[in-house]
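Protein chains in written order, with our numbering: chain S, 1 to 326; chain P, 327 to 573.
Worksheet: one structure, shown below.
Structure representation (structure tokens):
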């Protein structure tokens, strides 16, 4: 079951303070990276909710993000909504789509679940790619950033935008954590361990799965809105399954089912990508090697490794005491 | 009241349940005996909805539940334990009971409160833990405890739904005589209005706790009556005890 261990709380607090402190001192390039990390962090928190805790490995979260990005851009630019209502609309659309995907895929598990989500994701991708409504291959530009000048914040400034992005990561984390502490979240973890028993106890399994998937989809849609606002240009590539695959890599790199771990994973991934791509164009290969090392180490990602080490250290005194008693 | 009428189930050419008609009154404690392969677990799986019979019907308190799904039957107060432990392995014993109680109380889809912290769920966990003798072990992870304790938890999960009908599939299979005795005590302490149906191999248990006994053989009910009559029945001796007496 999901709990806030002291280690997790310390990590979260450190990350929040570190990110904010960095946002105040960083230059333009640093702030761009911060916003990129924030967008990825929101997506991987969303994915960890269903994949890490619920065992529903999804390959359609890129598509859910993309639907959010497109819905936001179309609603704000073509339908003339202001940014916040457009975001609400986009998030709701991603959630609705995720609910349908979750409900349909609820009956399948393991590899079949992954394949079904992949199929849904690719359907969304080809629809956006083919449809003339969405600019096809050329994508769409001109997504606006929210106008907060009324309270003295100018989001066209990259420092303000980075802080706004960090605030959305915090919001996402709170939504995910409170979902995991709710009845639905408890059931979700139970479903990962024993679906058959939960059904025998009276849980309507498909509805629990679909609702959890919808919440996760809403958060992915939020990441999409932020992505559209960040680059102010979107293309069908956002919906591509490689975005979903990359998100899964980040969750595994950080630590499945830890919620804080994927944020660490997002930071590592984006920083490594920028650092290594400055040295060699083959940065994917290096990241691949790191991922293989992490998986082969049998640790649950970087954060999971730290958690396990801390737990082992904490458990030691009682073992020694038991030995002394014996 | 739990009733089956002329239940039939085949897997291909194998006829596993042959015209089984049973009727359990409220508060009745019935033990189902029968050799391996007699169709006892298959009958259970039909009662809870994990299998659909080929023909016949199942009734709970007068309502036909044959077409209801597993979760819907559970919500009517039908609970079961499994012959093979079916637990939430990564969780603690307390979380296992808490999650089960929360789902049974309809809190398994809620979005706001943590059901594990609710007074109702905590009360249920406390009571059930006392019933199945797990109170000091609530914080233990399930995958760190012995088989016997997991067996107790298996029954505990079924009880944590506060059922009206409980079906237990060989609750004492694989445990030692001490634990078997403990289980007899648990059964005798259950509320008298709870209807209990148990599959058992343990004859002592059958004669000790059962109000009535049903014997299945090759999917058919071959005996249905009081424990005293079962003990004296030559038929029962032939099909069920015969192998032991010959040995």
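We put the CB at the ideal spot given by N, CA and C, even for glycine.
Quantities reported herein were computed from a predicted structural model and do not represent experimental measurements.
Which whole-angstrom value is the C-beta distance of residue i and residue j, which I expect to be below 8 Å?
| i | j | result |
| --- | --- | --- |
| residue 53/S | residue 257/S | 5 Å |
| residue 64/S | residue 94/S | 5 Å |
| residue 106/S | residue 241/S | Actually they are not in contact, since the Cβ atoms of residue 106/S and residue 241/S sit about 21 Å apart, beyond 8 Å. |
| residue 330/P | residue 346/P | 6 Å |
| residue 212/S | residue 49/S | 7 Å |
| residue 186/S | residue 425/P | 6 Å |
| residue 418/P | residue 465/P | 6 Å |
| residue 537/P | residue 498/P | That pair is no contact at about 18 Å. |
| residue 369/S | residue 34/S | For chain S, the structure presents residues 1 to 326; residue 369/S sits outside this window and is missing. |
| residue 37/S | residue 270/S | 5 Å |
| residue 224/S | residue 67/S | 7 Å |
| residue 532/P | residue 369/P | The pair is not a contact, with the Cβ atoms about 16 Å apart (cut-off 8 Å). |
| residue 413/P | residue 476/P | 6 Å |
From residue i to residue j, what does the alpha carbon distance come to, in whole angstroms?
| i | j | result |
| --- | --- | --- |
| residue 5/S | residue 97/S | 34 Å |
| residue 436/P | residue 447/P | 14 Å |
| residue 481/P | residue 487/P | 11 Å |
| residue 287/S | residue 47/S | 20 Å |
| residue 112/S | residue 524/P | 37 Å |
| residue 561/P | residue 473/P | 35 Å |
| residue 18/S | residue 260/S | 14 Å |
| residue 350/P | residue 372/P | 15 Å |
| residue 345/S | residue 277/S | Any property of residue 345/S remains undetermined from this structure, which presents chain S solely from 1 to 326. |
| residue 218/S | residue 59/S | 15 Å |
| residue 319/S | residue 341/P | Model confidence at residue 319/S stands at a pLDDT of 46, short of 50, so the residue's coordinates are unreliable and nothing is read from them. |
| residue 103/S | residue 214/S | 9 Å |
| residue 564/P | residue 548/P | 11 Å |
| residue 317/S | residue 308/S | Caution applies to residue 317/S, whose pLDDT of 49 falls short of 50 and renders its modelled position unreliable; the value that the coordinates give is listed next. Each residue's alpha carbon lies about 16 Å from the other. |
| residue 192/S | residue 154/S | 44 Å |
| residue 555/P | residue 507/P | 24 Å |
| residue 429/P | residue 272/S | 43 Å |
| residue 304/S | residue 91/S | 30 Å |
| residue 69/S | residue 239/S | 9 Å |
| residue 134/S | residue 45/S | 28 Å |
| residue 541/P | residue 550/P | 6 Å |
| residue 129/S | residue 247/S | 21 Å |
| residue 544/P | residue 440/P | 48 Å |
| residue 32/S | residue 188/S | 35 Å |
| residue 145/S | residue 200/S | 49 Å |
| residue 534/P | residue 409/P | 20 Å |
| residue 403/P | residue 376/P | 16 Å |
| residue 143/S | residue 80/S | 11 Å |
| residue 243/S | residue 62/S | 5 Å |
| residue 343/P | residue 390/P | 19 Å |
Pull up the DSSP beta-bridge partners for residue i, would you.
| i | result |
| --- | --- |
| residue 198/S | Answer is none; residue 198/S lacks a bridge partner. |
| residue 551/P | 539/P |
| residue 494/P | 407/P and 524/P |
| residue 141/S | 233/S |
| residue 73/S | DSSP output for residue 73/S lists no bridge partner at all. |
| residue 546/P | 543/P |
| residue 418/P | 467/P |
Are there 16 or more other CB atoms within 10 angstroms of the CB of residue i, so buried, or fewer, so exposed?
| i | result |
| --- | --- |
| residue 326/S | With a pLDDT of only 45 at residue 326/S, under the threshold of 50, the placement of this residue in the model should not be trusted; the figure read from the coordinates follows. Answer is exposed; the Cβ neighbour count stays below 16. |
| residue 196/S | exposed |
| residue 362/P | exposed |
| residue 281/S | exposed |
| residue 137/S | exposed |
| residue 526/P | buried |
| residue 469/P | exposed |
| residue 295/S | exposed |
| residue 209/S | buried |
| residue 338/P | exposed |
| residue 230/S | buried |
| residue 28/S | exposed |
| residue 489/P | buried |
| residue 387/P | exposed |
| residue 494/P | buried |
| residue 432/P | exposed |
| residue 255/S | buried |
| residue 10/S | exposed |
| residue 443/P | exposed |
Mind checking whether the beta-carbon of residue i lies closer than 7 Å to any heavy atom of the ligand GTP?
| i | result |
| --- | --- |
| residue 428/P | This structure simply doesn't include the ligand GTP, nor any ligand for that matter. |
**Request:** With a floor of 4 residues, list each alpha helix (DSSP H) that falls wholly inside the stretch 174 to 241 of chain S, ordered by position along the chain.
**Result:** 183 to 193, 195 to 200 and 205 to 231
**Request:** Only counting runs of 3 or more residues, tell me where the beta strand (DSSP E) segments fall wholly within the stretch 442 to 488 of chain P, in order along the chain.
**Result:** none
**Message:** Which complete alpha helix (DSSP H) runs does the stretch 272 to 298 of chain S hold, if anything under 4 residues is left out?
**Reply:** 283 to 296
**Whole runs of the beta strand (DSSP E) within the stretch 329 to 400 of chain P, excluding any shorter than 3 residues** = 340 to 350, 355 to 359 and 381 to 386
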